[in-house]
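Mapping to full-length UniProt numbering: the sequence shown position 111 is 111, numbers consecutive.
Backbone N, C-alpha and C fix where the C-beta goes; we use that ideal spot for every residue, glycine too.
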Amino acid sequence: MGRAFEYRRASKEKRWDKMSKLFPKLGKAISIAVKEGGSGDPDMNSKLRSAILAAKAQNMPKDNIEAAIKRALGKDGIQITEVNYEIKAPYGALFFVECATDNPTRTVANLKSYVNKFGGTMLTNNSLEFMFSRKAHFEVAKTNIKDLEELELTLIDVGLDSMEIEEEIVHIYGDYTSFGTLANALQSLQIEVKKAALERIANTHIEFSEEQLVDIEKLLDKIEDDDDVQAVFTNIA
Numbered sequence: 001m002g003r004a005f006e007y008r009r010a011s012k013e014k015r016w017d018k019m020s021k022l023f024p025k026l027g028k029a030i031s032i033a034v035k036e037g038g039s040g041d042p043d044m045n046s047k048l049r050s051a052i053l054a055a056k057a058q059n060m061p062k063d064n065i066e067a068a069i070k071r072a073l074g075k076d077g078i079q080i081t082e083v084n085y086e087i088k089a090p091y092g093a094l095f096f097v098e099c100a101t102d103n104p105t106r107t108v109a110n111l112k113s114y115v116n117k118f119g120g121t122m123l124t125n126n127s128l129e130f131m132f133s134r135k136a137h138f139e140v141a142k143t144n145i146k147d148l149e150e151l152e153l154t155l156i157d158v159g160l161d162s163m164e165i166e167e168e169i170v171h172i173y174g175d176y177t178s179f180g181t182l183a184n185a186l187q188s189l190q191i192e193v194k195k196a197a198l199e200r201i202a203n204t205h206i207e208f209s210e211e212q213l214v215d216i217e218k219l220l221d222k223i224e225d226d227d228d229v230q231a232v233f234t235n236i237a
């Protein structure tokens, strides 16, 4: 497979080992949902309900979720802002970076330093907006589904765009505005959700060589490792 493949495998294993940073990122998303929705009650705040579902799908403990809500409701809570940045990485790879930060000046300075060190260009806002589609994405175990065709027909009525099967995982996609209705439908069908997220999916994906991916993923890993970065979406095939 070569050195490039081994580097990529080690890089992915490192990313899988970032659980210590995952819960704080999910906590930020919950806090933002509370602030924007004006309520700590998920029944009254649809964005919070979605954030909690996403957190539970990543096995975030109930105590952590409740603590994040409590912090957001506190008068002295840190003000967290959602900001997006767009980057052209080496070889034309594109990164759409979603952040949650209490200091946007620090966040953009960090991203610029990563780009300067590992190659790439910071793009102006909305440069990549038309190149990515916002989607609701759910992952469920195939073994939990008795009839895939019946499930697809049921979910079409609540916003399903497509359903893809990857080994033992079923990927369910819908427009981002259908996140709540799809989540409710899966819950009513008593189908356990392994992952739930709002994602930006590239409209066109590009293949890169293993050697090119080594350079691209050096920058990607550095960005993903930043505490203010919630998610990075790319056009890498």
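Check: What is the C-beta distance between Glu-82 and Ile-32, in whole angstroms, given that I count them as a contact (C-beta under 8 Å)?
Finding: 6 Å
Next item on the list: Measure the CB-CB distance between Glu-211 and Ala-237 and report whether it falls below 8 Å.
Entry: Not in contact: Glu-211 and Ala-237 (Cβ atoms no closer than 8 Å).
Next item on the list: Alpha carbon to alpha carbon, how far is Ala-72 from Pro-24? Give it in angstroms, no decimals.
Entry: 13 Å
Notebook entry, point to check: What three-state label does DSSP hand Asn-227 in the structure shown?
Noted result: Just to set this straight, residue 227 is Asp in the shown sequence, not Asn. DSSP places Asp-227 in coil when its eight states are reduced to three.
Notebook entry, point to check: Where does Thr-124 fall in DSSP's three states?
Noted result: Thr-124: coil per DSSP, three-state reduction.
Check: What separation, rounded to the nearest whole angstrom, lies between the Cα atoms of Ala-57 and Ala-183?
Finding: 11 Å
Note to self: DSSP three-state label for Thr-234, please.
What the structure shows: strand
Checklist line | Straight-line gap, Leu-53 to Ser-188 (C-alpha atoms, nearest Å) | finding: 14 Å
Next item on the list: State the CB to CB distance for the pair Ala-197 and His-137, rounded to an integer number of angstroms; the pair is presumed to be in contact (CB under 8 Å).
Entry: 5 Å
Notebook entry, point to check: Hey, Lys-21 and Asp-221: beta-carbon distance below 8 Å or not?
Noted result: no
Notebook entry, point to check: Does DSSP put Asp-221 in a helix, a strand or coil?
Noted result: helix
Check: Count the other CB atoms within 10 Å of the CB of Arg-106; is the residue buried (16 or more) or exposed (fewer)?
Finding: With fewer than 16 other Cβ atoms within 10 Å, it is exposed.
Checklist line | Same chain, Cβ closer than 8 Å to Leu-48, five either side skipped, listed in chain order | finding: Ile-30, Ala-33, Val-34, Gly-37, Ser-39, Gly-40, Asp-41, Pro-42, Ile-69
Note to self: I need the straight-line Cα distance from Asn-235 to Arg-134, nearest angstrom please.
What the structure shows: 13 Å
Check: Leaving out the 5 sequence neighbours to the left and right, which residues in its chain are closer than 8 Å to Pro-90 when beta-carbon positions are compared?
Finding: Phe-118, Gly-119, Gly-120, Gln-212, Asp-215, Ile-216, Leu-219
Notebook entry, point to check: Of all the beta strand (DSSP E) runs that stay within the bounds of the region 70-101, which reach a length of 3 or more residues?
Noted result: 81-88, 94-101
Note to self: If distances are taken between C-alpha atoms only, which option among Thr-181, Lys-142, Tyr-176, Ser-178 comes closest to Glu-164?
What the structure shows: When only C-alpha atoms are compared, the closest one is Lys-142.
Checklist line | Ile-156: first and last residue of the uninterrupted beta strand (DSSP E) it sits in | finding: No beta strand (DSSP E) holds Ile-156; the alpha helix (DSSP H) holding it covers 148-156.
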